[in-house]
Amino acid sequence: MVRFWGRANRNSAPRKRSVACSFWPFDRHKKSNPDNYRASDPSETHSKRSLRSSSKSHSRKRQVDSDLIDSVVNDRDLSHLSFSRPAPQSTPAIRELLAKIDDWEFNIFELDKLTQGRALYTVCMTLMENEGLLEPDWVISRQKAERFFVAVEATYRGDNSYHNSVHAADVAQAALIILKAGQNSVAFSKLEVFSLICAAAVHDLGHPGYTNDFLINTAHPNAIVYNDRSVNENFHVSSAFRIVSQSEETNIFSGLSRAEYVQARRLIVNAVLATDMTQHMRLLDAFSEGRSEQPNLAAWGDSDVLMQLVLHTADLCNPCRPLLFSIKWGELICCEFLEQGDEEAKLQLPVTPMCDRRSVIVSTNQLRFIQFLLKPTLQVCRPILGAAFHDMILQHLSQTEVHWNEHERLVLSGDTRVKPHDGWW
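So the sequence shown is residues 64 to 488, counted in our numbering.
Below is the structure:
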């Protein structure tokens with residue numbers, strides 16, 4: 064078996080597993096056309112094209128689900144697979160863009176286009192380098208980190224409108240900015256920063272494009288495995304550690320001591336599980352309670368809750384991005400919800416209101432999300448974000464609200480220039 068920690072294990076020959084522990088079919092995973100969700104022109108979004116071809120998308124997604132179920136049942140050995148896919152070729156345009164990776168206005172869609180679908184790998188390796196987490200600065204093997212992030216990126220589903228590797232890259236970049244924005248009040252160790260990058264990278268790993276409730280209502284095998292509790296989130300984090308267990312080549316933790324590995328695993332597992340929206344209020348309450356006991360975040364002995372809240376906030380906050388990016392993300396999540404609603408109707412299940420294409424207005428969904436979830440979260444997180452960063456992203460959010468309010472007004476007034484599921488006019 065693969066040992067997860069210990070420098071003594073670093074130079075040993077990789078040992079193949081005789082029994083696989085994987086849920087995903089790398090060899091059958093087919094990404095859709097990268098241009099479908101990596102248009103450089105924000106007005107040409109994936110959601111527009113996807114909404115015109117939803118039945119075809121459903122067919123592909125259901126086939127992927129069949130493959131997923133087969134791989135769960137057969138528990139196939141994937142040790143023969145290579146995780147050494149070459150890194151994206153560095154170009155002046157890519158280097159120029161990556162020089163802005165610490166900026167909130169960073170264009171993740173452009174990076175994904177320039178790297179031909181390798182945004183997640185590129186972001187994660189850049190962050191690892193910039194934070195001094197790779198050898199010789201720290202203990203993480205560059206080669207194993209590369210192969211781990213290659214495998215993680217390949218495991219995301221390219222036919223998902225929203226929950227794909229581009230979203231994961233966006234969250235990873237946002238998480239590090241949020242962490243640094245509050246650096247005067249919160250000090251994270253290298254191990255904690257490393258764990259945050261890994262957690263962000265895998266937080267939606269292998270996402271099926273359906274909500275937990277859908278998986279539960281359809282008795283999906285993952286719902287059975289995880290007893291209807293945080294079904295997707297349990298699958299994401301379990302899949303990440305299964306990648307590590309496949310081969311010493313992908314064991315990104317091999318340079319850690321046993322104690323460090325135990326801490327990193329705990330932080331990653333807890334942070335990913337906390338992205339389940341059913342944990343939202345629990346997490347905000349835990350942070351508020353902790354602050355009431357110790358207002359100085361730097362004096363907190365346990366960073367677990369802080370890590371969870373940083374990742375959770377990064378996962379929610381794309382409406383706080385510059386307007387063109389915010390609109391695009393809003394369209395993409397709407398598209399994925401509508402695809403689920405179509406599948407619910409096909410299966411004669413009650414259609415989830417936010418997924419019903421007969422009544423959904425993308426702007427209404429986004430405005431409710433901003434009002435009832437995002438704004439309260441940002442207010443609670445203000446001590447982590449810092450006043451300056453908090454106020455800056457609220458300015459972006461205000462512009463997004465103005466746009467969606469006008470979109471909603473035009474749709475409800477019957478303006479024929481505006482489509483309910485299209486954020487542009």
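Ideal Cβ placement from N, Cα and C applies to all residues, glycine included.
Distance between beta carbons of residue j and residue i, contact taken as under 8 angstroms
| i | j | result |
| --- | --- | --- |
| Gln403 | Tyr273 | 5 angstroms |
| Ala337 | Gln371 | 4 angstroms |
| Ile260 | Val373 | Actually they are not in contact, since the Cβ atoms of Ile260 and Val373 sit about 11 angstroms apart, beyond 8 angstroms. |
| Glu255 | Leu330 | 7 angstroms |
| Glu471 | Ser426 | 4 angstroms |
| Ala322 | Val249 | At roughly 22 angstroms, the Cβ-Cβ gap does not stay under 8 angstroms, so Ala322 and Val249 are not in contact. |
| His453 | Leu441 | 7 angstroms |
| Glu394 | Asp485 | 7 angstroms |
| Leu369 | His466 | So it is not a contact: roughly 32 angstroms between Cβ atoms. |
| Ile306 | Cys380 | Contact flag wrong, Cβ pair sits at about 27 angstroms. |
| Ile164 | Ala232 | With a Cβ gap of about 10 angstroms, Ile164 and Ala232 do not count as contacting. |
Proximal residues to residue i (C-beta, below 8 angstroms), its chain only, five neighbours per side dropped
| i | result |
| --- | --- |
| Glu198 | Ser204, Arg205 and Gly318 |
| Arg445 | His453 |
| Ala282 | none |
| Asp200 | none |
| Asn96 | Annotation note: pLDDT 35 at Asn96 (below 50); position unreliable, coordinate value reported separately. Answer for Asn96: no residue qualifies. |
| Asp478 | Trp488 |
| Leu346 | Ala337, Val368, Gln371, Leu372 and His375 |
| Glu464 | Leu430 and Ile433 |
Helix, strand or coil at residue i according to DSSP, with G and I counted as helix
| i | result |
| --- | --- |
| Leu177 | helix |
| Leu197 | strand |
| Ile203 | strand |
| Asp419 | coil |
| His270 | coil |
| Gln357 | coil |
| Asp378 | helix |
| Gly172 | The amino acid at residue 172 is misidentified as Gly; the sequence shows Phe. In this structure, Phe172 counts as helix in the three-state DSSP scheme. |
| Arg445 | helix |
| Thr185 | helix |
| Pro151 | coil |
| Arg292 | coil |
| Ser145 | Note on Ser145: pLDDT 47, under 50, position unreliable in the model; no value is reported. |
| Ile164 | coil |
| Ala232 | helix |
| Ala334 | helix |
| Asn285 | helix |
| Val492 | In the structure as shown, the chain begins at 64 and stops at 488. Residue 492 is therefore absent and cannot be evaluated. |
| Ala250 | coil |
| Lys243 | helix |
| His226 | coil |
| Pro413 | coil |
| His299 | helix |
| Val307 | helix |
| Asp478 | coil |
| Gly486 | coil |
| Arg220 | coil |
| Trp68 | coil |
Beta-bridge partners of residue i, as assigned by DSSP
| i | result |
| --- | --- |
| Ile424 | Ile424 is not bridged to any residue. |
Neighbourhood of residue i by C-beta, 6 angstroms cutoff - its chain only, sequence neighbours within 5 removed
| i | result |
| --- | --- |
| Ala517 | No information on residue 517 is available, as it lies outside the stretch 64 to 488 that the chain covers here. |
| Phe257 | Leu196 |
| Tyr289 | Asn297 |
| Ala262 | Ile331, Ala334, Val335 and Leu374 |
| Ala244 | Leu448, Gly449 and Phe452 |
| Leu174 | Leu160 and Ala182 |
| Tyr219 | Asn227 and Ser228 |
| Trp392 | Asn381 |
| Asn275 | Val294 and Asn295 |
| Leu475 | none |
Span of the alpha helix (DSSP H) around residue i
| i | result |
| --- | --- |
| Pro155 | Pro155 to Leu161 |
| Ile279 | Asn275 to Asn280 |
| Val474 | Ala450 to Leu475 |
| Cys397 | Leu386 to Lys409 |
| Lys253 | Lys253 to Val265 |
| Ser317 | Unbroken run through Ser317: none, as it is neither H nor E. |
| Ser366 | No alpha helix (DSSP H) contains Ser366, which DSSP labels as neither H nor E. |
| Gln342 | Run containing Gln342: none; DSSP gives neither H nor E here. |
Residues of its chain near residue i, where Cβ-Cβ distance is below 7 angstroms and the 5 sequence neighbours each way are ignored
| i | result |
| --- | --- |
| Asn428 | Cys397 and Met417 |
| Leu412 | Asn280 |
| Thr376 | Ile241, Thr440 and Cys444 |
| Ser489 | Residue coverage of the chain in this structure runs from 64 to 488, which leaves residue 489 outside it and unanswerable. |
| Thr313 | Phe146, Lys207, Arg210, Phe211, Ala214, Ile306 and Val307 |
| Asn285 | Leu278, Val294 and Phe298 |
| Ala462 | According to the sequence provided, residue 462 is Gln. The question's Ala does not apply to it. Around Gln462: Leu386. |
Test: residue i CB closer than 8 angstroms to a CB of chain B
| i | result |
| --- | --- |
| Tyr324 | Absent from the structure is chain B; it holds one protein chain and no more. |
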